[in-house]
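The listed protein sequences correspond, in order, to chains A and B. Number 483 marks the last residue of the first sequence (the working numbering); no jumps. Number 340 marks the last residue of the second sequence (the working numbering); no jumps. Note that beta-carbon positions come from the ideal geometry of N, C-alpha and C, so glycine has one too. Just so it is clear, the structure is predicted and the values come from calculations on it, not from any experiment. A short write-up of the structure that comes next.
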Amino acid sequence: MSKFTEDDLKKELETKEYEYGFYTDIESDKFPIGLNEEVVIAISKKKNEPEWMTEWRLEAFKIWKEMEEPDWANVTYEKPDFQAISYYSAPKQKKQLDSLDEVDPELLKTFEKLGISIDEQKRLTNVAVDVVIDSVSVATTFKKTLNEKGIIFMPISEAIQEHPELVKKYIGTVVPRTDNFYAALNSAVFSDGSFCYIPKGVTCPMELSTYFRINEGGTGQFERTLVIADESSYVSYLEGCTAPARDENQLHAAVVELIALDDSEIKYSTVQNWFPGNAEGSGGVYNFVTKRGICETNAKISWTQVETGSAVTWKYPSCILKGDNSIGEFYSIAVTNNYQQADTGTKMIHLGNNTKSTIISKGISAGKSQNSYRGLVQIGSRAKNARNFSQCDSLLMGNQCGAHTFPYIEAKNKTAQIEHEATTSKIGEDQLFYCNQRGIDTEKAIALIVNGFSKEVLNKLPMEFAVEAQKLLEISLEGSVG
Amino acid sequence: MLKVNNLHANIDEKEILKGVNLEIKPGEVHAIMGPNGSGKSTLSSVIAGKEEYEVTEGSIHLDDEDLDDLAPEERAHRGIFLSFQYPVEIPGVTVTNFIKTAINESRKAKGLEELPAKDMLKMIREKADLLEIDRKFLSRSLNEGFSGGEKKRNEIFQMAMLEPKLAILDETDSGLDIDALKVVANGVNKLKSEDNAVLVITHYQRLLDYIVPDYVHVLYDGKIVKSGGKELALELEAKGYDWLK
Numbered sequence: 002m003s004k005f006t007e008d009d010l011k012k013e014l015e016t017k018e019y020e021y022g023f024y025t026d027i028e029s030d031k032f033p034i035g036l037n038e039e040v041v042i043a044i045s046k047k048k049n050e051p052e053w054m055t056e057w058r059l060e061a062f063k064i065w066k067e068m069e070e071p072d073w074a075n076v077t078y079e080k081p082d083f084q085a086i087s088y089y090s091a092p093k094q095k096k097q098l099d100s101l102d103e104v105d106p107e108l109l110k111t112f113e114k115l116g117i118s119i120d121e122q123k124r125l126t127n128v129a130v131d132v133v134i135d136s137v138s139v140a141t142t143f144k145k146t147l148n149e150k151g152i153i154f155m156p157i158s159e160a161i162q163e164h165p166e167l168v169k170k171y172i173g174t175v176v177p178r179t180d181n182f183y184a185a186l187n188s189a190v191f192s193d194g195s196f197c198y199i200p201k202g203v204t205c206p207m208e209l210s211t212y213f214r215i216n217e218g219g220t221g222q223f224e225r226t227l228v229i230a231d232e233s234s235y236v237s238y239l240e241g242c243t244a245p246a247r248d249e250n251q252l253h254a255a256v257v258e259l260i261a262l263d264d265s266e267i268k269y270s271t272v273q274n275w276f277p278g279n280a281e282g283s284g285g286v287y288n289f290v291t292k293r294g295i296c297e298t299n300a301k302i303s304w305t306q307v308e309t310g311s312a313v314t315w316k317y318p319s320c321i322l323k324g325d326n327s328i329g330e331f332y333s334i335a336v337t338n339n340y341q342q343a344d345t346g347t348k349m350i351h352l353g354n355n356t357k358s359t360i361i362s363k364g365i366s367a368g369k370s371q372n373s374y375r376g377l378v379q380i381g382s383r384a385k386n387a388r389n390f391s392q393c394d395s396l397l398m399g400n401q402c403g404a405h406t407f408p409y410i411e412a413k414n415k416t417a418q419i420e421h422e423a424t425t426s427k428i429g430e431d432q433l434f435y436c437n438q439r440g441i442d443t444e445k446a447i448a449l450i451v452n453g454f455s456k457e458v459l460n461k462l463p464m465e466f467a468v469e470a471q472k473l474l475e476i477s478l479e480g481s482v483g
Numbered sequence: 096m097l098k099v100n101n102l103h104a105n106i107d108e109k110e111i112l113k114g115v116n117l118e119i120k121p122g123e124v125h126a127i128m129g130p131n132g133s134g135k136s137t138l139s140s141v142i143a144g145k146e147e148y149e150v151t152e153g154s155i156h157l158d159d160e161d162l163d164d165l166a167p168e169e170r171a172h173r174g175i176f177l178s179f180q181y182p183v184e185i186p187g188v189t190v191t192n193f194i195k196t197a198i199n200e201s202r203k204a205k206g207l208e209e210l211p212a213k214d215m216l217k218m219i220r221e222k223a224d225l226l227e228i229d230r231k232f233l234s235r236s237l238n239e240g241f242s243g244g245e246k247k248r249n250e251i252f253q254m255a256m257l258e259p260k261l262a263i264l265d266e267t268d269s270g271l272d273i274d275a276l277k278v279v280a281n282g283v284n285k286l287k288s289e290d291n292a293v294l295v296i297t298h299y300q301r302l303l304d305y306i307v308p309d310y311v312h313v314l315y316d317g318k319i320v321k322s323g324g325k326e327l328a329l330e331l332e333a334k335g336y337d338w339l340k
């Protein structure tokens, strides 16, 4: 009789190689390693930035120099040597491209391997893709349709040139340069990212989507994203990432700022699949991200994330509910396997009256990984009738992994209603045997159970993204059998 | 169809089955009765291929194929179905989604295409009606918050969908009131044919009033100590098990 024990399950989970572990051979234009004022100025210069931007970066650099890398998260890793990283890497490009034909064929091949053929995307999915390869956006699609509505969707480097008034007004207002170590670093050296502005009263007719990739060995990537939804507008923004296999650790410290003005709504969805390191726990991306949004009166921000990658994840997409009646939502699935470590969650800061927040967090741990939920619900003293509902569920596979929950609640107003629910469960041999007995093999059974567990969050993703996310969950957790 | 020959099985080094012999032919209904701890549930788990049991001696054949090397899902693909005494919960997975996956996995194993959604739905409706199952029930999470009766009815629903050769009903009557018992038994009877067989494992004679066996076996201390016709069940009900020791 073939035996399938927990040991086998563990082994099977551990042997899953990173599917997108290839490396594209594109000539890169790369800075020497190290960070000082000259490098900051050089980055700014490379981007033809106006002086105010250069100054803004230099100020951030000054702040960063005085800061120390935080160590309160439930993760252990070798701290990166920030002087051993090259802070700029861009595919060499002669000129601006008007069509896909002009794009480096190597690059197009990479897209194909990732299953994100831009052509296909354009035709079939009604998704505008602003593709970021190694820090510089090389293709922007659907610009025309968006233009007609007055929607601005472009690399932030271009926005700094073309819409300086908007960038200047909002950058750093939600995540100030002084916010934390990585945010300060990002502010000093960010290479590129996306900028999005939805004018008053406009409902963005399509999902805006950006694919990120880290492509050059040894380069950190510092993305900067700024999304502004003007009064009574709506936008759904998708962010997805994959990265090629690497031996050395790669640093990723992004900053995302969302600004939802009165009566507007921003839906921000992420599927994150950075290289998690190999089965022994070496290599893999360090993902230290600061994501935060601010809601004015009656505005709503909804974060949905599916985190399957990275060796170390440090990420807390948050909402500042400043305006009355504003709503913040956080839906998260975080998967860790092998030696992955994730410390992720959210902060809901209630400042306005009748503000509402919902937190649904699903943590799935396998292998020898550690998965932590860390969340803060803060009710300000003047926030009357604030409401929060939090639910944190953990699913464990095998008995060498860990799940941790760190909920913090600070309520300074008596009218607040806060609910917190938490569960921990384990994929048991009984569950697997039940599925097996119905003809479902163990690999498929795990996928079924995990999808069921994650359903509340998967349902929050836009349709085409949900399919991709489901695939990712399976890739991250299934064995190499079949 | 099923031949169990001198079957010995251990769990954690402890011998539970001590030489079981059993032959079931197509179209037959067999009942295995016995006191607590006699090895009834172990026998059904071992036939289904549960890993934590170790077969130390003897064999199980289905249609002349030795099951020893087959994983539980492979045995399922060959037509063995076990109705669980305690069906597990799978939160977030609906009854429909679960059975759809089970059917398509079995088809895949046989080299068949997935069943088209239209046909699947039609089949689900037919079988649900057969077992008097409310449509709303089908979109609930598998066994989550189900009553005892609902769980067992769901097991028989899956059996109806999968159309097994050999259905093993492990203590299907436990936790059922008389009305639920009738519905479940009725379902099993409707599914019976000349080509399939049923093995009923039970404590009490009560279920056998509704699912009438051709043969009754008494399992005691890991061995079948007595076999007979359906009247044996009544005798056991009246006299208990002690006289067989």
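* Asked: Are A/V378 and A/N389 touching if we call contact CB-CB under 8 angstroms?
  -> By one-based count along the first sequence, residue 378 of chain A stands at place 377. By one-based count along the first sequence, residue 389 of chain A stands at place 388. Between A/V378 and A/N389, the C-beta spacing is below 8 angstroms.
* By how many angstroms is the C-alpha of B/I319 removed from the C-alpha of A/G480? -> Your numbering for residue 480 of chain A matches position 479 in the first sequence. Your numbering for residue 319 of chain B matches position 224 in the second sequence. Per-residue confidence for A/G480 stands at a pLDDT of 48, beneath the threshold of 50, marking its modelled position as unreliable; no derived number is given.
* Does the beta carbon of A/G440 come closer than 8 angstroms to any beta carbon on chain B? -> Translated into positions along the first sequence, residue 440 of chain A becomes position 439. So, interface residue.
* **Three-way DSSP call (helix, strand, coil) for A/T269 in this model** => The residue given as residue 269 of chain A occupies position 268 in the first sequence. The question names Thr, but residue 269 of chain A is Tyr in the sequence shown. Strand at A/Y269.
* Same chain, Cβ closer than 6 angstroms to A/I334, five either side skipped, listed in chain order -> As a first step, residue 334 of chain A must be located in the first sequence, where it is residue number 333. V307, K363, S455, V458, listed in sequence order.
* Asked: Of the choices B/Q253, B/G282, B/L286, B/L294, whose alpha-carbon is the least far from that of B/D265?
  -> Here residue 265 of chain B refers to the residue found at position 170 when the second sequence is read from its first residue. Among B/Q253, B/G282, B/L286, B/L294, the Cα nearest to that of B/D265 belongs to B/L294.
* Which term fits A/N279, buried or exposed, when burial requires 16 or more other beta carbons within 10 angstroms of its beta carbon? -> Translated into positions along the first sequence, residue 279 of chain A becomes position 278. When all chains shown are included, A/N279 counts as buried.
* chain B contact residues for A/F454, given Cβ-Cβ distances below 8 angstroms -> To locate residue 454 of chain A, count along the first sequence from 1; it is residue 453. From the beta-carbon of A/F454, the residues of chain B found nearer than 8 angstroms are P186, G187.
* Would you say A/K550 reaches chain B, if we count a Cβ-Cβ gap shorter than 8 angstroms as a contact? -> Residue 550 of chain A lies beyond the range of chain A shown here (2 to 483); nothing can be said about it.
* Cβ contact (3+ pairs, closer than 8 angstroms) linking the stretch 252–262 of chain A and the stretch 166–181 of chain A -> Result yes; three or more Cβ-Cβ pairs closer than 8 angstroms.
* To do: Throw me the rounded Cβ distance for the B/I142 and B/I155 pair, which I believe falls under 8 angstroms.
  => Stepping through the second sequence from its first residue, residue 142 of chain B is reached at position 47. Stepping through the second sequence from its first residue, residue 155 of chain B is reached at position 60. Yes, they are in contact, since the Cβ atoms of B/I142 and B/I155 sit about 6 angstroms apart, within 8 angstroms.
* **Cβ-Cβ distance between A/V203 and A/L473 below 8 angstroms** => Numbered from its first residue, the first sequence carries residue 203 of chain A at position 202. Numbered from its first residue, the first sequence carries residue 473 of chain A at position 472. Their beta carbons are not under 8 angstroms apart, which means A/V203 does not touch A/L473 by this criterion.
* Starting from B/V183, find everything on chain A with Cβ-Cβ shorter than 7 angstroms and list it in chain order. => For this step, residue 183 of chain B is matched to residue 88 along the second sequence. Those within 7 angstroms of B/V183 in chain A are D431, Q432, Y435.
* **Neighbouring residues, chain B, relative to A/I334 (Cβ below 8 angstroms)** => For the purposes of this step, residue 334 of chain A is taken as residue 333 along the first sequence, with counting starting at 1. Simply none; closest approach about 12 angstroms.
* To do: Rounded to whole angstroms, what's the CA-CA distance from B/G134 to B/D163? Just pull it up for me.
  => Position 39 of the second sequence, counting from 1, holds the residue named residue 134 of chain B. Position 68 of the second sequence, counting from 1, holds the residue named residue 163 of chain B. For B/G134 and B/D163, the distance between alpha carbons rounds to 19 angstroms.
* To do: Below 8 angstroms on the Cβ atoms is my guess for A/C402 versus A/S370; work out the distance and round it to an integer in Å.
  => Within the first sequence, the letter at position 401 stands for residue 402 of chain A. Within the first sequence, the letter at position 369 stands for residue 370 of chain A. Going by Cβ atoms, the distance from A/C402 to A/S370 rounds to 5 angstroms, so yes, they are a contact pair.
* To do: Using beta-carbon positions only, say whether A/G381 and A/G346 come within less than 8 angstroms of one another.
  => Translated into the one-based positions of the first sequence, residue 381 of chain A becomes position 380. Translated into the one-based positions of the first sequence, residue 346 of chain A becomes position 345. Between A/G381 and A/G346, the CB-CB gap reaches or exceeds 8 angstroms.
* To do: Tell me where the alpha helix (DSSP H) around A/I157 begins and ends.
  => The count along the first sequence starts at 1 and reaches residue 157 of chain A at position 156. Its alpha helix (DSSP H) spans residues 157–163.
* Asked: Can you tell which of A/D263, A/A367, A/N299, A/T359 has the C-alpha that lies nearest to the C-alpha of A/T309?
  -> Within the first sequence, residue 309 of chain A is the residue found at index 308, counting from 1. Closest option to A/T309, Cα to Cα, is A/A367.
* Give the interface partners of B/Q253 over in chain A, defined as CB-CB distance under 9 angstroms, in chain order. => Within the second sequence, residue 253 of chain B is the residue found at index 158, counting from 1. Those within 9 angstroms of B/Q253 in chain A are R439.
* To do: For the stretch 246–256 of chain B and the stretch 192–207 of chain B, state whether three or more C-beta atom pairs, one from each stretch, are separated by less than 8 angstroms.
  => Three or more Cβ pairs closer than 8 angstroms define a contact, and the stretch 246–256 of chain B meets that threshold against the stretch 192–207 of chain B.
* What residues from chain E crowd round B/T191, counting only those whose CB sits closer than 7 angstroms? -> Here the protein chains are A and B, and chain E is not one of them.
* Asked: Considering only residues of the same chain and omitting the five flanking positions on each side of B/L286, which have a CB-CB separation below 6 angstroms?
  -> Locating residue 286 of chain B in the second sequence gives position 191, counting from the first residue. The residues are A255.
* Would you call the CB atoms of A/F191 and A/V168 closer than 8 angstroms? -> The residue you call residue 191 of chain A lines up with position 190 of the first sequence. The residue you call residue 168 of chain A lines up with position 167 of the first sequence. No, these two residues do not count as a Cβ contact at 8 angstroms.
* **A/V128 - DSSP class collapsed to helix/strand/coil** => Reading the first sequence from its first residue, position 127 is the one you call residue 128 of chain A. Note that A/V128 has pLDDT 43, beneath the 50 cutoff, so the model's placement of it is unreliable and the number below is only indicative. Looking at A/V128 - three-state DSSP - the assignment turns out to be coil, as it is neither helix nor strand.
* To do: Classify B/H172 as helix, strand or coil using the three-state DSSP reduction.
  => Residue 172 of chain B sits at position 77 when you count from the first residue of the second sequence. B/H172: helix per DSSP, three-state reduction.
* To do: Would you check if the distance between the CB atom of A/E420 and the CB atom of A/S391 is smaller than 8 angstroms?
  => The residue you call residue 420 of chain A lines up with position 419 of the first sequence. The residue you call residue 391 of chain A lines up with position 390 of the first sequence. In this structure, A/S391 lies closer than 8 angstroms to A/E420 by Cβ.
* Taking the CB atoms as reference points, tell me whether B/L237 and B/V190 lie closer together than 8 angstroms. => Residue numbering aside, residue 237 of chain B sits at position 142 when the second sequence is read from its first letter. Residue numbering aside, residue 190 of chain B sits at position 95 when the second sequence is read from its first letter. The Cβ atoms of B/L237 and B/V190 lie closer than 8 angstroms to each other.
* Do the stretch 227–238 of chain A and the stretch 179–186 of chain A touch if we need at least three Cβ pairs shorter than 8 angstroms? -> Fewer than three pairs of CB atoms, one per stretch, sit closer than 8 angstroms, so the stretch 227–238 of chain A makes no contact with the stretch 179–186 of chain A.
* Tell me which same chain residues have a C-beta within less than 6 angstroms of the C-beta of A/T337, skipping the five on either side of it? -> By 1-based counting over the first sequence, the position of residue 337 of chain A is 336. A343, S366, S370, N372, listed in sequence order.
* Counterpart residues of A/R388 in DSSP-defined beta bridges -> Along the first sequence, read from residue 1 onward, the residue named residue 388 of chain A stands at position 387. Residue pairing by DSSP puts A/R388 in a beta bridge opposite A/K357, A/Q418.
* Asked: Quick one: complete beta strand (DSSP E) runs, 3+ long, within the stretch 147–233 of chain B?
  -> Counting only runs of 3 or more, we get 148–157, 175–178, 185–189.
* Any residues in the stretch 154–177 of chain B with a beta carbon nearer than 7 angstroms to a beta carbon of chain A? Which ones, in chain order? -> Taken in chain order, the members of the stretch 154–177 of chain B whose beta-carbon sits within less than 7 angstroms of a beta-carbon on chain A are D163, D164, A166, P167, E168, A171, H172, L177.
* Neighbour flag for A/V482 against chain B, beta carbons, 8 angstroms -> The residue labelled residue 482 of chain A in the question sits at position 481 within the first sequence. Here A/V482 scores only 30 on pLDDT, less than 50, and its place in the model should not be relied on; the value that follows carries that caveat. Residue-level contact by beta carbon fails for A/V482 and chain B, as no gap is shorter than 8 angstroms.
* Between A/I360 and chain B, is there a C-beta pair that is closer than 8 angstroms? -> The residue you call residue 360 of chain A lines up with position 359 of the first sequence. It does not: the Cβ of A/I360 has no partner Cβ on chain B nearer than 8 angstroms.
* Could you give the DSSP three-state label for B/V278: helix, strand or coil? => Translated into positions along the second sequence, residue 278 of chain B becomes position 183. The DSSP-derived three-state label of B/V278 is helix.
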